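So the sequence shown is numbered by the numbering used here: it starts at 9 and just counts up by one.
Each remark here refers to the structure printed beneath this line.
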Amino acid sequence: MSALRLLLGIVVAIVVVVLAYVGWMVFGPGPMDFANGRHVSLSAYTGTDPTGMPPELSYAGRMARAAYLTRAADCESCHTAKGGKPFAGGLAFKLPFGTIYSPNITPDKETGIGNWTDADFLNALHRGIGKGGVPLYPALPYASYTYLTDADALSIKAYLFSLKPVHFTPPENTLSFPFNQRWLMRIWAYFFNPGKRFEPNTAQSAEWNRGAYLVEGLGHCGECHTPRNLLQGLDNRRKFAGTVTSGWRAYNITQDKTAGIGAWSDQEIADFLSNGHAAGRGVAGGPMGEAVYYSLRYLMPSDIKAIVAYLRTVPAASSPGLPAPKSTAAPAAPKEGVVADSDPLGKHIFEGACASCHDWNGSGTLTRYASLTGNRSINDPAATNVAQMVLAGTGGSANGPVFMPSFAAAYSDAEIAAVANYVTARFGAEGSRLTAADVARLRALN
Numbered sequence: 009m010s011a012l013r014l015l016l017g018i019v020v021a022i023v024v025v026v027l028a029y030v031g032w033m034v035f036g037p038g039p040m041d042f043a044n045g046r047h048v049s050l051s052a053y054t055g056t057d058p059t060g061m062p063p064e065l066s067y068a069g070r071m072a073r074a075a076y077l078t079r080a081a082d083c084e085s086c087h088t089a090k091g092g093k094p095f096a097g098g099l100a101f102k103l104p105f106g107t108i109y110s111p112n113i114t115p116d117k118e119t120g121i122g123n124w125t126d127a128d129f130l131n132a133l134h135r136g137i138g139k140g141g142v143p144l145y146p147a148l149p150y151a152s153y154t155y156l157t158d159a160d161a162l163s164i165k166a167y168l169f170s171l172k173p174v175h176f177t178p179p180e181n182t183l184s185f186p187f188n189q190r191w192l193m194r195i196w197a198y199f200f201n202p203g204k205r206f207e208p209n210t211a212q213s214a215e216w217n218r219g220a221y222l223v224e225g226l227g228h229c230g231e232c233h234t235p236r237n238l239l240q241g242l243d244n245r246r247k248f249a250g251t252v253t254s255g256w257r258a259y260n261i262t263q264d265k266t267a268g269i270g271a272w273s274d275q276e277i278a279d280f281l282s283n284g285h286a287a288g289r290g291v292a293g294g295p296m297g298e299a300v301y302y303s304l305r306y307l308m309p310s311d312i313k314a315i316v317a318y319l320r321t322v323p324a325a326s327s328p329g330l331p332a333p334k335s336t337a338a339p340a341a342p343k344e345g346v347v348a349d350s351d352p353l354g355k356h357i358f359e360g361a362c363a364s365c366h367d368w369n370g371s372g373t374l375t376r377y378a379s380l381t382g383n384r385s386i387n388d389p390a391a392t393n394v395a396q397m398v399l400a401g402t403g404g405s406a407n408g409p410v411f412m413p414s415f416a417a418a419y420s421d422a423e424i425a426a427v428a429n430y431v432t433a434r435f436g437a438e439g440s441r442l443t444a445a446d447v448a449r450l451r452a453l454n
């Protein structure tokens with residue numbers, strides 16, 4: 009009997025611990041709970057309405073306003089496959105448990121959303137429920153879009169319905185069990201979708217509230233920059249501390265001065281958001297480059313300023329393993345600085361494929377966008393984004409403000425690992441130790 013009681017006690021203890029941990033994940037803080045003040049409904053708010061359009065576009069026509077909000081919500085980047093028609097879907101989201109393809113959101117009545125009512129569209133953006141009651145995967149960031157007002161959400165719908173219909177059916181998702189069970193998304197949404205519209209904070213400025221609406225709602229920045237818990241909900245206890253998503257590292261954008269943007273000036277943050285580049289800080293590539301190209305570069309100066317003001321209030325969170333970026337240029341002579349005599353492959357590849365644009369001191373010979381000095385990615389000992397940039401390049405458009413060719417076909421996994429390790433050692437604070445296997449895993453995500 010005593011053994012049975014002991015076993016029962018152990019089982020009960022395990023259940024209690026599991027339930028406590030699940031509760032800890034589920035009942036964490038919301039994305040804006042870090043700020044002091046009281047949140048009220050928009051109808052009860054007496055300040056300037058933080059939703060809708062910025063002052064610069066207050067007199068813009070209906071479709072101009074709709075286009076602005078659609079760009080602010082960054083819909084095109086996720087609903088456009090490489091080489092595909094804009095908004096026609098088919099972009100692959102490669103996950104550890106399978107692949108999700110974005111749907112067609114053009115007004116085609118057979119393969120798109122041409123038959124969707126206003127209620128259908130609001131259900132999708134606010135609740136994660138598609139037409140006919142089909143639960144949607146949170147690849148659609150409805151846990152962020154839920155903050156959008158009905159008016160702004162329907163303005164986006166109006167823009168999408170103004171597009172030329174594209175008859176295209178994206179590939180079927182290839183998710184393993186149990187992730188292919190859509191009904192489970194109802195449970196996920198119950199726990200992790202706030203399910204409410206944006207509520208201004210009465211203790212904060214009008215600019216802060218506008219920034220919060222843009223960052224947490226339309227821009228859904230936390231979907232990439234906030235780590236996720238085991239249930240794949242956003243862990244706002246580590247808000248904006250950075251994480252790896254889609255094979256790219258979304259960096260820390262808290263006020264931490266070592267790993268985050270606490271040491272950046274307001275102008276540097278604004279430049280990075282608007283242009284995808286800040287001198288001495290780096291260039292936006294991968295998903296961030298796409299966010300700049302499809303969305304952020306279209307925002308009005310007042311909205312960029314509001315985003316900066318909001319980000320300035322996000323508490324610092326450290327990112328272990330990320331040193332402060334090296335701010336001094338490397339030596340101009342290739343024989344000085346890092347000389348990989350024990351493994352000269354990386355240096356050899358850099359000399360043949362990289363030095364003509366980036367120079368041996370990392371200053372960039374053709375454009376300031378090619379500068380490597382101070383670049384956050386170059387100063388990441390994991391070198392994830394360095395390897396990804398070598399693999400994917402930028403194409404000179406959707407992935408960033410400057411052309412960099414893809415070298416995926418030109419070099420092997422071992423060669424790309426070698427040049428990434430050389431670059432981080434020569435121009436960064438700490439050299440990386442990528443292997444061919446690491447690069448192979450990244451290549452599979454492209």
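The beta-carbon is built from N, C-alpha and C at its ideal position, and this holds for glycine as well.
Since we're looking at a predicted model, the values are computed, not measured.
Check: The ligand ADP and residue 80: does the residue's C-beta get closer than 8 Å to at least one heavy atom of that ligand?; Outcome: Absence of the ligand ADP is noted for the structure shown, with no ligands found whatsoever.
Check: Helix, strand or coil: how does DSSP classify residue 454 here?; Outcome: coil
Check: According to DSSP, simplified to helix, strand and coil, what is residue 256?; Outcome: strand
Check: Which residues in the same chain as residue 346 place their Cβ atom closer than 6 Å to its Cβ, once the five residues preceding and following it in sequence are excluded?; Outcome: 433, 434
Check: Suppose the cutoff is 8 Å on Cβ atoms and the five residues either side in sequence are ignored; what does the same chain contact list for residue 80 look like?; Outcome: 222, 226, 227, 303, 306, 307, 311
Check: In terms of alpha-carbon separation, which member of 183, 291, 255 lies closest to residue 109?; Outcome: 183
Check: One question on the structure: do residue 156 and residue 206 come within less than 9 Å of each other, judged by their Cβ atoms?; Outcome: yes
Check: State the DSSP-derived secondary structure class of residue 108, mapped to helix, strand or coil.; Outcome: strand
Check: Measuring straight from C-alpha to C-alpha, what distance separates residue 237 and residue 247?; Outcome: 12 Å
Check: Quick check on the DSSP output: what are the complete alpha helix (DSSP H) runs of length 4 or more inside the region 109-188, in order along the chain?; Outcome: 126-130, 150-153, 158-169
Check: Let me check understanding here. Comparing Cα to Cα, which of 292, 421, 439 lies closest to residue 258?; Outcome: 292
Check: In or out: residue 102 buried (at least 16 other Cβ within 10 Å) or exposed?; Outcome: exposed
Check: For residue 114, does the count of other Cβ atoms within 10 angstroms reach 16, so buried, or fall short, so exposed?; Outcome: buried
Check: At which residues does the alpha helix (DSSP H) containing residue 102 begin and terminate?; Outcome: Run containing residue 102: none in the alpha helix (DSSP H); it sits in the beta strand (DSSP E), 100-103.
Check: Restricting to Cα atoms, I'd like to know which of 447, 232, 299 is closest to residue 260.; Outcome: 232
Check: Return the chain-ordered list of same chain residues with a C-beta closer than 7 Å to the C-beta of residue 412, the five sequence neighbours on each side being excluded.; Outcome: 397, 401, 402
Check: Since residue 159 and residue 74 should fall inside the 8 Å C-beta cutoff, what is the C-beta to C-beta distance between them, to a whole number of angstroms?; Outcome: So it is not a contact: roughly 11 Å between Cβ atoms.
Check: Please work out which residues of its chain come closer than 8 Å, Cβ to Cβ, to residue 256, disregarding the five sequence neighbours upstream and downstream, and give them in chain order.; Outcome: 293, 294, 295, 296, 392, 393, 396
Check: Rounded to the nearest angstrom, what separates residue 272 and residue 360 at their Cα positions?; Outcome: 33 Å
Check: Quick one: residues in its chain with C-beta nearer than 8 Å to the C-beta of residue 64, no 5 flanking neighbours on either side, listed in chain order?; Outcome: 308, 309, 310
Check: Any chance you could list the beta strand (DSSP E) runs of at least 3 consecutive residues sitting entirely within the region 200-273, in chain order?; Outcome: 251-253, 256-258
Check: Is the beta carbon of residue 438 closer than 9 Å to that of residue 387?; Outcome: yes
Check: Quick one: Cα of residue 203 to Cα of residue 380, how far?; Outcome: 42 Å
Check: For residue 366, does the three-state DSSP call read helix, strand or coil?; Outcome: helix
Check: Does the beta-carbon of residue 267 have 16 or more other beta-carbons within 10 angstroms, so that it is buried, or is it exposed?; Outcome: buried
Check: Suppose you measure from the CA of residue 111 to the CA of residue 452; what does that come to, to the nearest Å?; Outcome: 22 Å
Check: For residue 436, I'd like the list of residues in its chain whose CB is within less than 7 Å of its CB, leaving aside the five on either flank, ordered along the chain.; Outcome: 334, 386, 387
Check: Can you tell which of 417, 429, 43 has its C-alpha closest to the C-alpha of residue 358?; Outcome: 429
Check: Look up residue 78 in the DSSP assignment and say whether it is helix, strand or coil.; Outcome: helix
Check: Could you check where the alpha helix (DSSP H) with residue 356 kicks off and where it finishes?; Outcome: 353-357
Check: Can you list, in chain order, the residues of its chain with a C-beta nearer than 7 Å to that of residue 422? Leave out the 5 residues immediately preceding and following it.; Outcome: 444
Check: Any idea what DSSP makes of residue 406, helix, strand or coil?; Outcome: Interpretation of residue 406 is limited by its pLDDT of 48, a score under 50 that renders its predicted location unreliable; the figure taken from the coordinates is listed afterwards. Looking at residue 406 - three-state DSSP - the assignment turns out to be coil, as it is neither helix nor strand.
Check: Is the Cβ-Cβ distance between residue 289 and residue 298 less than 9 Å?; Outcome: no
Check: If residue 139 sits next to residue 128, beta carbons under 8 Å apart, how far is it from one beta carbon to the other, in whole angstroms?; Outcome: 5 Å
Check: How would you write the range of the alpha helix (DSSP H) that residue 297 sits in, first residue to last?; Outcome: 294-302
Check: Taking C-alpha atoms, which residue in 48, 230, 94 lies nearest to residue 174?; Outcome: 94
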